[in-house]
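See below for the structure under consideration.
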Amino acid sequence: MQLLYEEDGDLKVGAVLSQAPASFQVESPHGRRSKVKAAAVLLSFERPSGAEVLAEAERFSEGLDIEFLWQCSGAREFAFRELAREYVGREPTPAEAAGVLMKLHAAPMYFYRRGKGRFQPAPEQTLKLALAGLEKKKRVQESIAAWTARLVRFECPAEVATLRDELLYAPDRNKPETKALEQACRETGLAPARLFERCGLLADAHDYHLQRFVHELFPRGTAFPTHPLPAVPAGLPLAEAPAFSLDDVGTHEIDDAFSVRRVAPGELRIGIHIAAPAAGFAPGSALDAIARERLSTAYMPGRKFTMLPEDVIERLSLDHGGEQVAVSLYFHVSEADGTLRGRHSQLERVPIAANLRHAQYDTLNAAFEAGAELGLAFEGELRSLWRLATALEAKRGRPSAGAALVDYTFQVEDGRVRIVPRRRGVPLDKLVSELMILANSSWGELLAEHNAAGIYRVQSTGKVRLSVHPEAHEGLGVSCYAWMSSPLRRYIDLVNQWQLLAVLAGRKPPFARNSDALLSAMQAFEVTYTRYDEHQRAMEAYWSLRWLQQESVSEIEALVLRENLVRLEGLPLAVRVPSLPLLDAGTRVRLAIDAIDLLERSVACRFLETS
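Counting along the sequence shown from 1, when you hit position 208 you're at 208 in the working numbering, and nothing is skipped either side.
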């Protein structure tokens with residue numbers, strides 16, 4: 001006896017070897033033996049063989065019109081042998097019955113399965129919808145195939161080109177355009193960006209990298225919403241001494257400034273003045289919402305995306321020529337030994353006499369170290385602040401910056417880039433760093449003394465993290481350290497400044513230590529700040545490669561970091577050199593530049609010699 005049965009959704013045949021009350025032992029046409037439950041058996045017959053019935057049933061099924069079967073079946077539930085009998089007008093052969101069963105099995109839109117060998121026709125309206133969906137899916141598949149074919153020929157269909165940015169940065173894998181692009185990438189072996197480049201839709205590698213940042217961090221666009229201007233507090237006292245700032249060229253969010261006034265022989269009154277946006281708008285305001293969404297200013301060569309709108313920055317920045325609102329930290333310092341005393345903080349108006357720039361004043365670094373004078377404006381004040389910074393650094397027992405470290409300033413103009421190295425730890429760098437450490441640690445201590453919540457930078461066992469508790473920063477050698485010196489550029493500083501102003505005014509601070517607003521701001525800032533930093537480094541790598549192209553560099557010096565990893569001379573760019581022999585870290589080598597890929601942000605280097 002032969003059986004037609006269902007197993008794992010497939011129709012199979014086999015010859016019966018033995019039979020039990022609820023099962024059969026069968027042998028397939030290929031000789032495989034298996035146990036089949038009686039409930040799975042759909043048809044039994046003596047001859048012909050199961051393989052012949054299956055082959056003939058497939059041929060018979062191909063000649064059946066599923067639409068005709070559906071029309072003939074009415075609305076009732078039926079067994080497949082009944083429909084086969086009606087179709088052939090007599091008792092069907094095993095092959096004819098199996099053929100009808102195969103056709104019904106293969107048409108779930110037309111016929112619903114209702115049990116062992118039983119089916120029910122789909123309602124007409126439901127069938128129409130299903131067929132329309134099938135037709136639509138067929139057209140979509142045809143479109144995907146056509147788009148793929150054109151993309152493989154490096155011709156981009158308009159439907160795909162319209163979604164270029166979405167496909168590059170945030171593809172929806174359910175969209176047919178995405179499926180076409182992915183298929184074309186598999187067939188060509190190219191990445192999406194490279195494929196679009198070959199199609200002529202990605203001419204500018206810089207724009208490609210920049211737009212990745214914009215799409216990831218500013219999905220709703222970089223424009224600021226309509227907003228009010230901050231209200232400048234009235235009736236604030238005026239600082240006694242004019243102040244000056246020191247920043248890079250192009251900095252227009254001027255957060256900090258300094259003042260120096262001699263109050264007695266051998267004694268100076270030093271002022272550290274920080275812009276006070278917290279005095280111009282409150283937590284929960286429209287401007288707070290803007291700052292809270294961006295969390296930080298994002299920097300990259302030739303571009304930056306500010307945390308606050310430009311018109312707000314213009315009103316709050318410590319620009320020269322006006323009396324700007326600032327939180328000031330004053331203290332007296334002994335010129336003899338750098339001893340500090342009489343620390344005092346207040347919100348006030350500060351006359352800004354000048355905004356000094358490193359490009360003009362970095363010559364003072366060598367002059368200070370050599371004891372020379374250049375006759376620049378505020379040179380005497382800067383020299384006094386440098387001496388104070390040196391004393392502060394010595395008291396902390398930690399350097400404010402590693403002298404061996406080098407920062408790089410990128411200046412991009414008309415598509416050309418200048419990369420200017422600046423050694424950290426030089427007098428002017430140390431001056432700013434030490435005074436910012438003093439302000440941030442002093443105000444952090446003040447919050448802690450008043451049991452006011454703050455967001456602190458904590459370092460223990462080498463790891464730096466944010467905390468709402470005033471813990472030590474081992475790397476800086478201070479008991480607590482709260483960012484407060486850049487409230488125009490970092491949301492953490494702004495939050496801390498709101499807390500500080502409340503303490504200075506004797507008011508209840510707006511944030512409790514366990515408040516959701518404070519904790520969520522801290523967590524969101526850490527994530528966003530890290531992402532900004534990653535994109536900044538990526539864009540610096542891009543412009544470093546652009547500089548190599550621009551200067552037609554074919555060979556370059558490099559410093560071995562480890563194994564085959566080197567840092568290129570004069571650039572913040574580390575690359576792997578597969579041909580590099582095993583050399584000690586710190587070895588200087590000479591490399592050949594073989595290829596630069598701006599789209600992939602990569603450079604192929606070849607080892608030439610040690611130098």
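Glycine included, every Cβ here is placed at the ideal spot set by N, Cα and C.
Through-space distance from residue j to residue i, alpha-carbon basis
i: I419; j: F410; result: 5 Å
i: W147; j: R212; result: 24 Å
i: P92; j: Y112; result: 22 Å
i: M102; j: Q25; result: 23 Å
i: L548; j: R341; result: 52 Å
i: V350; j: D255; result: 13 Å
i: F463; j: R457; result: It should be noted that the sequence gives Lys, not Phe, for residue 463. Each residue's alpha carbon lies about 10 Å from the other.
i: H105; j: P157; result: 39 Å
i: A512; j: D533; result: 29 Å
i: S602; j: T162; result: 28 Å
i: P171; j: L202; result: 17 Å
i: I455; j: W498; result: 11 Å
i: A595; j: R606; result: 10 Å
i: E166; j: V53; result: 53 Å
i: H252; j: P283; result: 24 Å
i: S515; j: F525; result: 16 Å
i: E449; j: S441; result: 12 Å
i: T530; j: E551; result: 32 Å
i: G9; j: E159; result: 39 Å
i: E56; j: E177; result: 42 Å
i: L308; j: L347; result: 21 Å
i: R396; j: G477; result: 5 Å
i: S18; j: P48; result: 19 Å
i: L295; j: Q536; result: 15 Å
i: L246; j: F258; result: 9 Å
i: S334; j: P399; result: 21 Å
i: R90; j: S61; result: 17 Å
i: E187; j: R576; result: 29 Å
i: A276; j: V432; result: 18 Å
i: S611; j: Y542; result: 27 Å
i: L408; j: D597; result: The sequence as given places Tyr at residue 408; Leu does not occur at that position. Approximately 22 Å between the Cα atoms of the pair.
i: Y87; j: R81; result: 10 Å
i: A278; j: A149; result: 58 Å
Residues that DSSP places opposite residue i in a beta bridge
i: Q411; result: R418
i: S328; result: H273 and Q346
i: Y299; result: K304
i: P351; result: E323
i: A592; result: E555 and R606
i: Y5; result: K12 and V41
i: D597; result: S602
i: Q523; result: The partner list for Q523 (beta bridge, DSSP) is empty, contrary to what the question assumes.
i: L667; result: Nothing can be reported for residue 667, as the shown portion of the chain is limited to 1 through 611.
i: S334; result: E267
i: F24; result: Q19 and V36
i: L340; result: V333
i: V406; result: R423
i: A574; result: R567
Inter-residue CB distance, residue i and residue j (contact presumed, cutoff 8 Å)
i: I274; j: A439; result: 7 Å
i: L329; j: R343; result: 7 Å
i: I593; j: S554; result: 6 Å
i: G50; j: A79; result: In fact, because the Cβ distance is near 21 Å, the residues do not count as touching under 8 Å.
i: L612; j: L181; result: Coverage of the chain is limited to positions 1 through 611, which leaves residue 612 absent and any answer about it impossible.
i: P510; j: A502; result: 6 Å
i: P121; j: W70; result: 6 Å
i: S579; j: W443; result: In fact, because the Cβ distance is near 53 Å, the residues do not count as touching under 8 Å.
i: L364; j: L385; result: Not quite, the Cβ-Cβ distance comes to about 11 Å (not below 8 Å), so this is no contact.
i: I352; j: L318; result: 5 Å
Between the region 388 to 402 and the region 282 to 298, do at least 3 Cβ pairs fall closer than 8 Å? At 8 Å Cβ cutoff, the stretches do not touch.
What ranges does the alpha helix (DSSP H) occupy inside the region 58 to 131, keeping only unbroken runs of at least 4 residues that lie completely in it? Within the region 58 to 131, the runs of alpha helix (DSSP H) at least 4 residues long that lie entirely inside it are, in chain order, 66 to 72, 80 to 88 and 94 to 105.
Entirely enclosed alpha helix (DSSP H) segments - the region 231 to 294, minimum 4 residues: Here the runs fully enclosed are 286 to 294.
Do three or more CB pairs link the region 240 to 255 to the region 189 to 208 at distances below 8 Å? With the cut-off at 8 Å, the region 240 to 255 and the region 189 to 208 do not touch.
On the three-pair Cβ rule with 8 Å, is the region 501 to 508 touching the region 373 to 380? They do not touch, by the three-pair rule.
Within 8 Å, do at least three Cβ pairs link the region 260 to 270 to the region 211 to 226? Between the region 211 to 226 and the region 260 to 270 there are fewer than three inter-stretch CB-CB distances shorter than 8 Å, so the stretches are not counted as touching.
Just list the beta strand (DSSP E) runs in the region 417 to 453, keeping only unbroken ones of 3 residues or longer that don't cross its boundaries, in chain order. Segments of the beta strand (DSSP E) lying fully in the region 417 to 453: there are none.
Touch test, the region 22 to 36 against the region 60 to 75, Cβ-Cβ under 8 Å, three pairs minimum: Contact fails: fewer than three Cβ-Cβ distances are below 8 Å.
Any contact between the region 458 to 478 and the region 417 to 436? By contact I mean 3 or more CB pairs, one from each, below 8 Å. With the cut-off at 8 Å, the region 458 to 478 and the region 417 to 436 do not touch.
Taking 8 Å as the cut-off, does the region 476 to 493 touch the region 296 to 313 (at least 3 CB pairs, one atom from each stretch)? The region 296 to 313 makes contact with the region 476 to 493, as at least three CB pairs between them are under 8 Å.
Restricting to runs no shorter than 4 residues, where is the alpha helix (DSSP H) found entirely within the region 448 to 516? Listed in chain order, they are 491 to 505.
Counting Cβ pairs closer than 8 Å, one from the region 425 to 436 and one from the region 363 to 375, do we hit at least three? Using a C-beta cut-off of 8 Å, the region 425 to 436 makes contact with the region 363 to 375, since at least three inter-stretch Cβ pairs fall below that distance.
Taking only runs of the alpha helix (DSSP H) that begin and end inside the region 185 to 233, which ones reach a length of at least 4 residues, in chain order? Runs found: 192 to 198 and 205 to 217.
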